[in-house]
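Peer 1: I am attaching a structure below and will ask some questions about it afterwards.
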Amino acid sequence: MSLFAIIAGVCIALLHVYILVLEMVLWTHPLGLKTFRNSLEKAQATRVLAANQGLYNGFLAAGLLWGALAARPDVLSFFLVCVVVAGCYGAYSVNRRIFFVQALPALIALALVWLPF
């Protein structure tokens, strides 16, 4: 696996750590409200759901880091595919920009994992 693939995997993992922080810690703070385009009332009502979703993003980050740092293309590919599926579903069900923020970078990273360098 190339250094580019490892770096891409770590970057996608860091993105999911950032999403974890937004959903678990900053959901009702100004940055969380702005990022997810929520009102304070809606954010307070959905705080527990967001924290649960944030936890799952943490699991994705852990798996991505495992695959990247252990240089395991099979593990990294599995978690990148999970990110692509989540990003596509989010784009379909919530907002198209999720595809560009989440799924597209993971697709690029997946290509880097399997391109011969």
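Numbering of the sequence shown is given in full-length UniProt numbering, commencing with residue 1 and proceeding in unit increments.
Built from N, CA and C at the ideal position, the CB exists for glycine as well.
Give the straight-line distance between the Cα atoms of L64 and L26, rounded to the nearest whole angstrom.
Peer 2: Near 23 Å, if we compare the C-alpha coordinates of L26 and L64.
Peer 1: Run through DSSP, which three-state label would W27 get?
Peer 2: In this structure, W27 counts as coil in the three-state DSSP scheme.
Peer 1: Could you tell me the distance, in whole angstroms, from the CA atom of C88 to the CA atom of A43?
Peer 2: One C-alpha to the other measures close to 23 Å.
Peer 1: Taking just the CA atoms, how far does L14 sit from A50?
Peer 2: Cα-Cα distance, rounded: 18 Å.
Peer 1: In the DSSP assignment, find the unbroken alpha helix (DSSP H) run with N52 in it and report its ends.
Peer 2: Per DSSP, N52 belongs to the alpha helix (DSSP H) from 47-69.
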